[in-house]
Amino acid sequence: GPNQSILDRTTGIAANIPVGWEIASAIRWSLPRLTIHFRVKGDANARAKLTFANHDPKSLPVADVGSWLRTWADNTRLDRLPDVPDYKNRLGSFVARTIDGRQALSWIRDFEENGEPWNEYATVVYTETGVGFIYIAAPTTKVEALRPAYETLVESVRFDAVRPPSGSPVEG
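Each residue of the sequence shown is one higher than the one before, starting from 875 at the first, in this note's numbering.
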């Protein structure tokens, strides 16, 4: 779309792809759930993803959303342990923030891939109808240079883009 924008009319997710990044794949799962993988300018090995999964509407009290986000971050780390035994949420890296007017949590994960240290910058966003998750992972020596583009993506995500009744695919 215009200005490197994307819009998924089924989930209502919209975002701006950072300059030089490209969509590598877009997968629609049931629920509905959308996962977009990006090719990242500056590091062919880097992995970046935007995903949104609908869940049964949850109207949590505002005071409970922060702990819900932290539990989500801890649970997704546990999900990765069978494949990445040293996958850790970095203590002291958790930062509460607001994305598209919604409570969000950003943090850093540390792990090794093929004997090389890697980091993952991660952000989870709570909505009443689902959860948004945006991350970029790359070798530790390269990930910091990729962070500004990642933050551009995170700050651009919108969860209530106009949704016509059609179930059209991801537009880019």
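Cβ atoms here follow ideal geometry from the backbone N, Cα and C, with glycine treated the same way.
Counting only the Cα atoms, GLY989 lies some 40 Å from GLU1002. Scanning PHE985, ARG954, VAL1031 for the CA closest to the CA of THR1014 turns up PHE985. GLU994 is classed as buried because its beta carbon has at least 16 other beta carbons within 10 Å across all chains shown. Take ARG902, set aside five residues on each side of it, and the residues of its chain with a beta-carbon closer than 6 Å to its own are LEU908, in chain order. Across the structure, ASP882 and THR945 are spaced so that their CA atoms are roughly 27 Å apart. Counting only unbroken stretches of 4 or more residues, the alpha helix (DSSP H) elements lying wholly within the region 979-1045 are 1014-1030, in sequence order. Relative to the Cα of VAL1028, the nearest Cα in the group ALA1012, ALA922, ARG964 belongs to ALA922. For LEU943, the enclosing alpha helix (DSSP H) covers residues 936-954. In this chain, LYS915 is not harboured by any beta strand (DSSP E), its DSSP state being neither H nor E.
Taking 8 Å as the cut-off, the Cβ atoms of VAL939 and TYR1000 count as close. By the neighbour-count criterion, in which a residue is buried when 16 or more other Cβ atoms sit within 10 angstroms of its Cβ, PRO991 is exposed. In the three-state scheme derived from DSSP, where H, G and I count as helix and E and B as strand, ASN919 is classed as coil. In this structure HIS929 is in contact with VAL1005, their Cβ atoms being roughly 7 Å apart against a cut-off of 8 Å. In the DSSP assignment, ILE891 falls outside any beta strand (DSSP E), carrying neither H nor E. Comparing alpha carbon positions, the residue from ARG976, ALA889, ASP917, ASN890 closest to ALA1012 is ASP917. Excluding its 5 nearest sequence neighbours in each direction, LEU1020 has C-beta neighbours in its own chain below 7 Å: VAL914, GLY916, ASP917, ALA920, ILE1010, ALA1012, listed in chain order.
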